[in-house]
Amino acid sequence: MAALFTPFTIRAAEMRNRLWVSPMCQYSAQDGLPGEWHHVHLAQFASGGAGLVMAEATAVSPEGRISPDDTGIWSDAHRDAWAPIAAAIRARGAAAGIQLAHAGRKASTWSPLTDGRGSVPVAEGGWETLGPSAIAYEGYATPREMTPADIDAVVADFIAAARRAADAGFTVLEVHAAHGYLLHTFLSPLSNTRTDEYGGPLAGRAHLLLRIVEAVRRETPDIALFVRFSASDWAEGGWSVEDTVQVAQWAADRGADFFDVSSGGLVAHQRITLGPGYQVAFARRLREAGLAVNAVGLIDSGAHAEQVLVDGDADAVMSGREWLRDPHFGLRAAGELGVSDAPWPPQYARARRH
Ligand SMILES: Cc1cc2nc3c(=O)[nH]c(=O)nc-3n(C[C@H](O)[C@H](O)[C@H](O)COP(=O)(O)O)c2cc1C
39 MAALFTPFTI
49 RAAEMRNRLW
59 VSPMCQYSAQ
69 DGLPGEWHHV
79 HLAQFASGGA
89 GLVMAEATAV
99 SPEGRISPDD
109 TGIWSDAHRD
119 AWAPIAAAIR
129 ARGAAAGIQL
139 AHAGRKASTW
149 SPLTDGRGSV
159 PVAEGGWETL
169 GPSAIAYEGY
179 ATPREMTPAD
189 IDAVVADFIA
199 AARRAADAGF
209 TVLEVHAAHG
219 YLLHTFLSPL
229 SNTRTDEYGG
239 PLAGRAHLLL
249 RIVEAVRRET
259 PDIALFVRFS
269 ASDWAEGGWS
279 VEDTVQVAQW
289 AADRGADFFD
299 VSSGGLVAHQ
309 RITLGPGYQV
319 AFARRLREAG
329 LAVNAVGLID
339 SGAHAEQVLV
349 DGDADAVMSG
359 REWLRDPHFG
369 LRAAGELGVS
379 DAPWPPQYAR
389 ARRH
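Spelled out as C-alpha cells, the structure:
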C-alpha cells in the first residue's frame, strides 16, 4: 500500500491520490483567456494520474498579470473559458484547482516565450505596477505604493475571482502569496516599509493576505482553500520559515485549509541552496506546527514522493517540471510503487505493463 496513492479530501475537493500538479504559467493566453493549449495541457495530467491539477497563476485583475500573455479570471468571459477546462480535469478523475494571483511589482514583464527581458514599457502594452512600497525588484520598473483604496480593490478582485473560479467548477482555490508577487511583497520586510496597518510588525505585513483569506473563505465556503507561501526569501533580513508558520496559523484560523510550501522569488540577490527536495524541510516545519501541507521542488520520482510522505514531512507532494517531462508521471509513479489500482484511463489499459 503506497501512501502516495491514498485519497485526501478537503471540503468539496476529493483528491484520489497525493501526487499533484504544481501551478505552471504557460504564457499562452489572449486577453487573459485560457484556450485550447491550456485545455490539452491541463487535461493530460489528469489522464496521466494526477490527484489534483492546479492551473497556473491566474490574475485577479488585468494589472495583476506577470506578462500580457498570462491567464486571468477577472470577467465572466474568463469564467466561461475556464469552465470546460475544469470539467475536462474532473472528467478524467482529478480534482481541479486554480491559483489566484496578483503579480504586484513583478507584473508587466515580458513573457519568457518572447525575446524581451524585464518590464514591458507602457507604450508597448505594459502597465504601471503596484506594491506595498515604491521599492523595485532589481532590474524591473519601480511600483507605485498602493493606497488604502488600491488595497480594498485588490481584496474585492480576489473575492470576485474566487466566486468565478468556484462557478467555473474548480474545487481547490490557491491564493498565491509566494515567489515575490504582490502578497509576498506585503509579507516581507525587504519589500514592505509601510507605516500604516498593512506594514510594520508581522501582523501588519500579514494583514492584506489575512483579509483575502477571510473574504475568500466567506465567499466560497465549500472550496478547499490553499495558500502558497515562499517559506524563505533566501536573503539577509528577509522573510523566514518561522514567519511562515505564524502567518499560516493565522490564515488557518481564518479558514485556509492547506499550505503549499515553496520558497524564494522576492529578490534577485537571493542565494538558494538547490538540491533534491530542497524545500521539504520547510513543509515539515509547518506540518510540525499542526498544519496540512504539500512539499514541492525537485521531487521527480514516485519513490522520492512516497518517501516524503512516509517520513511525515508532508501530506501531499506537488511536482512541476516532471509532469512536463512526462504528462503520465502519475501512472509511472504508481507502477514504480507497485500500486495495483492505479488510475489508468480504460482507453490506455492495453499499454499497462503491471
Ligand atoms: C514553466 C513553469 C511555470 C511556473 N509557473 C508557476 C506559477 O504559475 N505559479 C507558481 O506558484 N509557481 C510556478 N512555477 C513553479 C512550480 O510551480 C514549482 O514550484 C517549481 O517548478 C518547483 O517544482 P519542480 O522542481 O517539481 O518543477 C512554475 C515553474 C515552471 C517550470
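First residue of the sequence shown: 39, per our numbering; consecutive thereafter.
For every residue, glycine included, the Cβ atom is placed at its ideal position computed from N, Cα and C.
Met62 has its Cβ nearer than 6 Å to a heavy atom of ligand 1.
If only uninterrupted alpha helix (DSSP H) runs of at least 4 residues are considered, those enclosed by the region 231-284 are 240-243 and 245-257. Straight-line measurement puts the Cα of Phe83 at about 27 Å from the Cα of Val254. Excluding five sequence positions before and after Pro314, the CB atoms of its chain that fall closer than 6 Å to its own CB belong to Leu336, given in chain order. With a beta-carbon spacing of about 29 Å, Met62 and Gly328 fall beyond the 8 Å limit used to define contacts. Residue pairing for Met92: DSSP places it in a beta bridge opposite Gly135.
When only Cα atoms are considered, Leu312 and Ala67 end up about 31 Å apart. Straight across, the Cα-Cα distance linking Trp148 with Val78 is about 24 Å. For Ala354, there is no enclosing alpha helix (DSSP H); the residue is found in the beta strand (DSSP E) stretching over Ala354 to Ser357.
Of the residues assessed, Gly169 falls on the buried side of the cut-off, its CB having 16 or more other CB atoms within 10 angstroms. Distance check between Arg56 and each of Pro381, Arg390, His76 and His116 places Pro381 closest, using alpha-carbon atoms only.
In the three-state reduction of the DSSP assignment, Arg103 falls in the coil class, being assigned neither a helical nor a strand state. When secondary structure is reduced to three states using DSSP, Arg182 falls in the strand class.
In this structure Ala51 touches Thr209 by the C-beta definition: roughly 4 Å separates them, less than 8 Å. Secondary structure of Val158 (DSSP, three-state): coil. Closest in C-alpha terms to Leu151, from the list Tyr65, Phe224, His116 and Ala141, comes Tyr65.
Restricting attention to Ser157, Ile104, Ala81 and Gly242, the CA atom closest to the CA of Trp58 is found in Ala81.
Distance from Ala145 to Thr167 at the Cβ level is roughly 5 Å; contact confirmed, criterion being Cβ atoms closer than 8 Å. Our two residues, Arg54 and Tyr178, have alpha carbons roughly 42 Å apart in a direct line. Out of Met39, Val318 and Pro181, the CA that lies nearest to the CA of Glu101 is found in Pro181.
In chain order, Ser229 place their CB closer than 6 Å to the CB of Ile173, counting only its own chain and leaving out the 5 sequence neighbours on each side.
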